[in-house]
Every structure is written in C-alpha cells, then in structure tokens.
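678 is the number that my numbering gives the last residue of the sequence shown; the numbers go up by one with no jumps. From the three backbone atoms N, C-alpha and C, an ideal C-beta is built for every residue, glycine too.
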Amino acid sequence: MSGLEPGRLSLNTATVREQWGLAEAIEGCARYGIGGISPWRDKLHEMGVDAAAKAIRDAGLGVSGLCRGGWFTERGAIDAEVRNDNRRAVDEAAALGAECLVMVVGGLPKGSKDLPAAWSLVEEGLAETLDYARKAGVKIAIEPLHPMYAADRACVNTMGHALDICDRLGDGIGCAVDVYHVWWDPELETQLARAGKERIMAFHICDWLVPTRDMLTDRGMMGDGVIDIPGIRGLVEAQGFDGLNEVEIFSALDWWKRDPDEVLATIVERGRSVC
C-alpha cells in the first residue's frame, strides 16, 4: 500500500494545541499542503465560529470532523446544559461544513458503578442529539475509546458496541475510527465490514507507544509505536472510506514541546513513509 500524500491528511488541532491557536493551525496546514483540519471546540471558540469557517474555506481545507460533543453521563442525567451544549456543537459543525461531529460519550457518573445505566444514558443523549443533527444535516460519529477510558471518558469501548447503538438509532450516525483506541480489538475487521462506508465517518491515526507513560497524553507519532496503521487503513478503505486521514496526537511529553513546524513536517514525512 502506498503512503499518504499530505493532501490526504487532516490535522486534528489537539496535535499542536499547546503551541498554536486555530488560526495558526489553519495557516500551517495550508503551508504544508495538508488537506484538512479538525478543530477542537475550545480552539474554535477562541477564534470565533464565523471567522474560523471563513479562514478554513479561504485556505481550501476540508473539515474532517469537529471535536467534540457528548459527555452525556457526567451529571447522571441529560439536563438542559448537556442538551444545549450538544446542540451548539451540532450548529458549529454545520457552520464549518464538518464531515461529522465526533462524540466522546462520557464514562461513569461520579460515584457510580452502574455501567449499564451509563450506557442507557449515553444512548438517550445520542438519540436526542441525533434528532437535532438530522435537521441540521450533520452526521454524528461515536468514537469508541480504549477500555482504559471506560470509567472517566467513554463507556463505549468497541466498534461492536458503537454499531449496536447505531443499529438502534438509525440513519445519520456512525463511528469515528481511531487506531489508538481500536487497534487491539480481535473483532476489528469484522466490525469495520459491518460498519461499511456509510457508518465509517472518520479515520484517526497516531501510534501506541511501548511503554505508554501517560494514559491520556502519551500518544506516538505514526511509526513510533506498535500499531499496524497501513493494515487498518487498508481495512477501512476496503469498505469504501475515501475521506481524510486525521492525525490526532496528545503528547505532553514530546510533540507538544516541539516547534509546531517540526511537528507538521514530521506528519507529512510519516504520512508518506509509514502510513
């Protein structure tokens, strides 16, 4: 399999969140020929939605996704604040022309050990948000997170579980497939085939370091770890996915400390050589 030219890559702004704001990330993508961007909402709000949308359009970038909606479980109920924030996220995704709104669904409510109750709350929140998103023409992408995040960030941890929810909720909802979270799953190939083109809404790449020094902020640059990125990309593309390959690297100990131009230059090189 041939590597990825920069035009097939997208920069998730988490990758340079400590060095750059959104305006600088947009300019950096354009300068390095990277084809798209995926803003996190904090950076989007700093710049302003309208200004960001215009700058992204003017730079000729695609928007592979908006990060993130979700967090349905934190309060133990879908209250007005959670509901309204997710609706705002849908509106922002629509304004940007994002391919999808990525959902990090939330873990166990504080003090709870009731995982099935958390799952029910997640599905309730997704159903409500999906009803609103359909009217706005925005696709909702559940991002199953690695099981190490089940308690505090996302209690949906496999493609199979995410697709079960999609089956029940219907059109307009699918998955964001992040290799960091799903590479270990023995059912991955089967579940990607089950998802098909319509429900693979985003594809995120980075690498799993050995050892991993921090559960959240020690992801690796592509090629520095143990994930078979070309193999998983091949499985995703076999289902017809032809979207941007989104680079999302949380790296407090390494890449967040480097010159962001070095980060983007390395992303372009690794896209070509190891992805």
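Backbone secondary structure at residue i - three-state DSSP
i           : result
residue 607 : strand
residue 560 : coil
residue 474 : coil
residue 493 : helix
residue 481 : coil
residue 621 : strand
residue 643 : coil
residue 637 : helix
residue 425 : helix
residue 469 : strand
residue 443 : strand
residue 513 : coil
residue 592 : helix
residue 586 : coil
Close beta carbons around residue i, own chain, < 6 Å, minus the five adjacent residues each side
i           : result
residue 505 : 468, 470, 471, 544, 546, 579
residue 706 : Nothing can be reported for residue 706, as the shown portion of the chain is limited to 404 through 678.
residue 659 : 421
residue 626 : 673, 677
residue 362 : The question about residue 362 has no answer, for the chain in this structure spans 404 to 678.
residue 515 : none
Alpha-carbon spacing of residue i relative to residue j, whole angstroms
i           : j           : result
residue 427 : residue 559 : 33 Å
residue 697 : residue 488 : With the chain covering 404 to 678 only, the question about residue 697 has no answer from this structure.
residue 512 : residue 521 : 7 Å
residue 445 : residue 425 : 9 Å
residue 583 : residue 622 : 8 Å
residue 581 : residue 640 : 14 Å
residue 569 : residue 541 : 15 Å
residue 724 : residue 447 : Because the chain is modelled from 404 through 678, residue 724 falls outside the range shown and cannot be assessed.
residue 406 : residue 637 : 11 Å
residue 539 : residue 503 : 12 Å
residue 574 : residue 483 : 25 Å
residue 433 : residue 517 : 46 Å
residue 679 : residue 630 : Since the first residue of the chain shown is 404 and the last is 678, residue 679 is not available in this structure.
residue 667 : residue 537 : 35 Å
residue 628 : residue 417 : 19 Å
residue 449 : residue 457 : 15 Å
residue 408 : residue 648 : 10 Å
Boundaries of the beta strand (DSSP E) in which residue i is found, first to last residue
i           : result
residue 649 : 648 to 650
residue 506 : 504 to 507
residue 414 : 412 to 415
Other residues of its chain near residue i: CB distance less than 8 Å, five sequence neighbours each side excluded
i           : result
residue 485 : 474, 475, 477, 478, 528
residue 481 : 475, 524, 527, 528, 531
residue 590 : 561, 562, 563
N- and C-terminal bounds of the alpha helix (DSSP H) containing residue i
i           : result
residue 437 : From DSSP, residue 437 is part of no alpha helix (DSSP H); its letter is neither H nor E.
residue 670 : 663 to 677
residue 527 : 518 to 539
residue 453 : 452 to 461
Chain-order list of residues whose beta-carbon lies under 7 Å from that of residue i (same chain, five-residue window excluded)
i           : result
residue 525 : 475, 476, 508, 509, 558, 559
residue 614 : none
residue 596 : 642
residue 459 : 429, 440, 466, 499
Bridge-paired residues (DSSP) for residue i
i           : result
residue 578 : 545, 603
residue 654 : 621
is_contact[residue i, chain B] using C-beta, thresh 7 Å
i           : result
residue 542 : No chain B appears in this structure, which consists of one protein chain only.
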